[in-house]
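Beneath this line is the structure, given in structure tokens, with notes to follow.
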Amino acid sequence: MEHQGKTVTLKTSFMLFIAQFCLAIILFSLYNHANRSSSSNEFSYTSIHQEPVKDTRIILVWTWPFGNIFPLNKCPPYTDISGCFYTANRTLYSSADAIVLHHRDVCYSRKQLPQIQRPPNQYWVWFNLESPSHTPNLHFMDNLINLTMSYRADSDIFSPYGWLEPNQREENFTIPPKTKLVAWAISNWNPNSKRVRYYQELKKFLPVDIYGRQHLALPGNNHIKTLSNYKFYFAFENSIHEDYITEKLWKNAFKSGCVPVVLGPPRENYERFIPKDSFLHVDDFSTPEELAKYILKLDNDEKAYQQYFTWRSRLHPFADTNWQTHYCRVCKALKEAPAHKTISKLGEWYK
Ligand SMILES: *[C@@H]1O[C@H](CO)[C@@H](O)[C@H](O)[C@H]1NC(C)=O
Ligand SMILES: *[C@@H]1O[C@H](CO)[C@@H](O)[C@H](O)[C@H]1NC(C)=O
Ligand SMILES: *[C@@H]1O[C@H](CO)[C@@H](O)[C@H](O)[C@H]1NC(C)=O
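Heads up: the sequence shown is residues 1 to 351, going by the numbering used here.
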């Protein structure tokens, strides 16, 4: 009996060993796979059924945002869309568990909002990436909305213009070769805006290459490569609001490997999202002339300039500007949403 027991134990341990070995191999390949997909920014998208099946939550995309059509039910893996079905077909309105209202498509007339009787328990998700200065008629939304989705970190569904992710292992970031000093791309030239007034003063002390309407042409497909020649990029926001930090920082500056010079909410607000040694803030300087002097000083001090890239050994930026990524976040939020919530006055929060 004793002998037999030992054999059984040996057999069992051998089986256990084999099982653990297999598990290790599986985990190792999963780990490698995960590493590969996270080090590149190109995601393989996950698709789900193109038909709603029983017990799925139906999410109705009420309008294509600014008319941009994108693939539905095809989402990056960091969003979880299991158990949801997205549609843009309004005949599904009455059975939809949620509808997503893109503010700027519905804010010019109440007629653009659903006119049919609202089904009980349907969530209305308010979606907006524009700043409050460019968000008219917020009062149209009073007592209609259940969940908010925006760049504001305190939204029910936080959907930023970009974010940072940790590197899997420490990386030596290579600063793109630099042949030029400062770039700024601006499409909406408003002479009275803070950013244009700041520039008018700054340009007396610093040469700046300006891209955009009425300025140098910025070829869309070569955008990042063109900007990467510059040491600095002016990520100047069109209006100043909490958390309003846009693709100007994430894409034009970070993705191009330029040091951002930001004009927007206060420095502390930026530091909630990005390292304090990753950017210059116009508020760090008492005058535009002081900022110009500092930029010229860094231009002649390679070591000091490189310090603005130290954080890249730990982190890398994401600028996911696809519309679908924002909409893909709705599913998970819906599954976790409170059973009952209404926002009575959106305008008291969104300012
Ligand atoms: C919308 O859904 C209805 C009902 O399922 C279907 O008859 C109609 O063809 C769909 N429309 C489009 C544009 O897919
Ligand atoms: C990064 O560069 C340093 C200095 O050149 C080198 O010692 C280190 O091994 C490199 N690290 C990686 C992860 O390549
Ligand atoms: C959503 O808000 C509407 C309007 O106030 C309300 O009638 C409805 O009960 C809310 N739904 C949920 C699921 O909270």
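Quick reminder that beta carbons are idealized off the backbone N, C-alpha and C, glycines included.
Under 8 Å between C-beta atoms of residue i and residue j
i	j	result
ALA319	LYS251	yes
TYR86	LEU101	no
TYR230	LEU263	no
GLY212	SER187	yes
PRO76	CYS331	no
ASN167	HIS316	yes
TYR270	ILE295	no
PRO176	SER228	yes
ASP243	ARG152	yes
PRO132	LYS351	yes
TYR198	VAL282	yes
ASN128	THR135	yes
MET141	TRP126	yes
LEU291	ASP97	no
PHE279	PRO260	yes
LEU218	ALA185	yes
Backbone secondary structure at residue i - three-state DSSP
i	result
LEU227	helix
LEU129	coil
LYS341	coil
LYS351	coil
ASP55	coil
PHE66	helix
TYR93	helix
ASP283	helix
ALA98	strand
ILE26	For ILE26, the pLDDT reaches just 44, beneath the cut-off of 50, and the residue's location in the model is therefore unreliable, leaving the point undetermined.
LEU218	coil
LEU60	strand
LEU346	helix
Run of the alpha helix (DSSP H) containing residue i, from where it starts to where it stops
i	result
ASN269	267 to 271
ALA292	288 to 299
TYR308	Run containing TYR308: none; DSSP gives neither H nor E here.
Where the beta strand (DSSP E) through residue i begins and ends
i	result
TYR86	84 to 87
VAL106	VAL106 -> not in any beta strand (DSSP E); alpha helix (DSSP H) instead, spanning 103 to 106.
HIS326	Not the beta strand (DSSP E): HIS326 falls in the alpha helix (DSSP H), residues 323 to 328.
PRO317	315 to 318
LEU263	259 to 263
TYR244	Element bounds for TYR244: n/a, residue is neither H nor E.
TYR211	209 to 211
Distance between residue j and residue i (C-alpha atoms, nearest Å)
i	j	result
THR342	LEU147	7 Å
ASP80	GLN306	38 Å
TRP124	PHE309	42 Å
GLN122	GLY347	22 Å
LYS203	SER286	16 Å
GLY257	ILE145	39 Å
ASN68	ASN322	10 Å
HIS326	SER150	9 Å
LYS111	GLU237	32 Å
LEU206	ARG267	23 Å
LEU92	CYS107	22 Å
TRP311	ILE58	41 Å
ASP277	ILE240	21 Å
ILE99	LYS248	29 Å
ASN221	ARG195	26 Å
TRP62	ARG90	7 Å
ASP299	GLU165	29 Å
LEU216	LYS225	15 Å
TRP105	ASP156	Correcting the residue identity first, residue 105 is Asp in this sequence and not Trp. Roughly 20 Å between the two C-alpha positions.
PRO119	LYS178	58 Å
HIS103	ASN137	9 Å
SER94	ASN190	44 Å
ALA88	GLN117	18 Å
THR174	ARG314	13 Å
PRO65	GLU130	12 Å
GLU201	TYR161	29 Å
ASP55	GLY83	7 Å
ALA337	SER109	28 Å
ASP284	VAL208	19 Å
GLN214	GLU302	33 Å
LEU60	TRP349	25 Å
GLN324	SER159	11 Å
Residue i beta carbon near ligand 4 (any heavy atom closer than 7 Å)
i	result
ASN143	In the structure on display, ligand 4 does not appear, and the ligands it does have are ligand 1, ligand 2 and ligand 3.
Minimum Cβ-Cβ distance from residue i to chain C less than 8 Å
i	result
TRP124	Among the protein chains of the structure shown there is no chain C, as only one such chain exists.
Ranges of the alpha helix (DSSP H) found wholly within the stretch 125 to 206, counting only runs of at least 4: 194 to 202
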